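In my numbering, the protein residues as written are 56 to 354. Have a look at the structure below before the remarks.
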Amino acid sequence: MTACAPRARSFVRRVLAACLGLTACGAPASSVTPAPASNTATATAEQPLVPVQPGWVAVLMPAKSIDVAPEFEGEIAELTVGVGQAVEQGGTLAKFDTDAAREELAIAKADLLAAKGAAAQAAAAAKGARRKFLTEQRLAAQGYSAAEAVADARAESGRTGGATSNAAGQVAAARARVDALERRLRETQLVAPFAGRVAVIYREQGALAGPGAPLVRLIDTSSTIVRFAVSPADAASLPTGTAVEVVVDWLPQALPARVHHTAPEIDAPTGMVFVEAEVDGMGGVDVPPQSPAWVRAKG
């Protein structure tokens, strides 16, 4: 292995920033409440990120993180979690105000009744037009009705039939709206899709959240990956399944990991290749996400 020699601090920072930047894209552009910084994992201009040592510059992060948003737009009545709080799968993250939804449901039900009434009228008109058309046809066959009368009756029957189809579509749309609002009233709580930890809160109580406006970012703490930067020459020696060790300066021993992905191209700003490895087990240690570290070949 050709391990990286001790680097300038600026290079270490650039590589760490690049590692984090690969997952930073797509975060909502809104005010957020980030997770409180850990004394052991936070770097300042005066204090180095990690002790420079032989190995590859790395950063630890959860294997899975998602922005959790409700299916329907609504006002947040109560935020039940805080940044850094652990939650169980199905645990409540927030509760929503139902007043607006109840008002919308009442209006939607009235619209549904009106649509049903219009559909009934259209159906009756279509039935009458169809009966008239058949009568005109029979009279024309007996020589008692003109061809023009039959044509007019046929046209009227077609027009009312189209109106019936349109009215039926309006009933279906109104019913779907009622069903959606009733489901929204049943789903007045936003719950965690998996067990994990709240990393970011995007919106506070009183704000609106919806499909395009997530409430929190949830990270899966059950599995952790380490992303590190290696030279192009070193990348060839790290195929999938390669055992490596993750060194965090404030942990007494290295964490075992195995390579599961290598980027197919070189990162232009750093001239390095990014590699990901899955940490085999944290040994009960709660390492904050985005903790800087070093990776070295095992052995």
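Just so it is clear, CB atoms sit at the ideal spot from N, CA and C, and this is done for glycine as well. None of the values given here were measured: they were computed from a predicted structure.
Contact between the region 219 to 239 and the region 163 to 182 is established, with three or more Cβ pairs separated by less than 8 Å. Excluding sequence positions up to five before and after GLY129, its CB lies within less than 6 Å of the CB of PHE151, all in the same chain and listed in chain order. Bounds of any alpha helix (DSSP H) do not take in LYS353, whose DSSP letter is neither H nor E.
One thing to note: PHE249 has its Cβ no nearer than 9 Å to the Cβ of VAL112.
By the neighbour-count criterion, in which 16 or more other beta carbons inside 10 Å mark a residue as buried, TYR257 falls on the buried side. Secondary-structure assignment with DSSP links PRO347 through a beta bridge to VAL114. Going by DSSP, LEU273 is part of the beta strand (DSSP E) stretching over 271 to 274. The C-beta distance from GLU133 to ALA149 rounds to 6 Å, short enough to fall under 8 Å. Between LYS187 and ALA227, the alpha-carbon positions lie close to 29 Å from each other. A straight-line Cα-Cα distance of about 23 Å links ALA175 and ASP207. Per DSSP, reduced to three states, the secondary structure at SER277 is coil, with no helix or strand assignment.
For GLU133, the enclosing beta strand (DSSP E) has its first and last residue at 129 to 134. Between LEU310 and VAL281, the C-beta gap is smaller than 9 Å, which places the two residues in contact. Excluding the 5 residues flanking it on each side, ALA181 has same chain C-beta neighbours closer than 8 Å at SER212, THR215, GLY216, ALA218 and THR219, in chain order. Counting along the chain, no beta strand (DSSP E) covers ASP335, and no H or E run does either. VAL253 is not a Cβ neighbour of VAL342, given a cutoff of 9 Å.
Less than 9 Å separates the beta-carbon of ILE121 from that of LEU273.
Cβ-Cβ separation between ASP275 and PRO117: approximately 5 Å, consistent with a contact (criterion under 8 Å). The beta-bridge partner set that DSSP reports for LYS150 consists of GLU133 and GLN244. Within its own chain, the residues whose Cβ lies closer than 6 Å to the Cβ of PRO266, once the five positions on either side in sequence are excluded, are ALA124, listed in chain order. Secondary structure note for ALA290: its alpha helix (DSSP H) is the uninterrupted segment 287 to 290. Selection ALA210, ALA161, LYS171 and GLN144 evaluated against ARG185 yields ALA210 as nearest (Cα-Cα).
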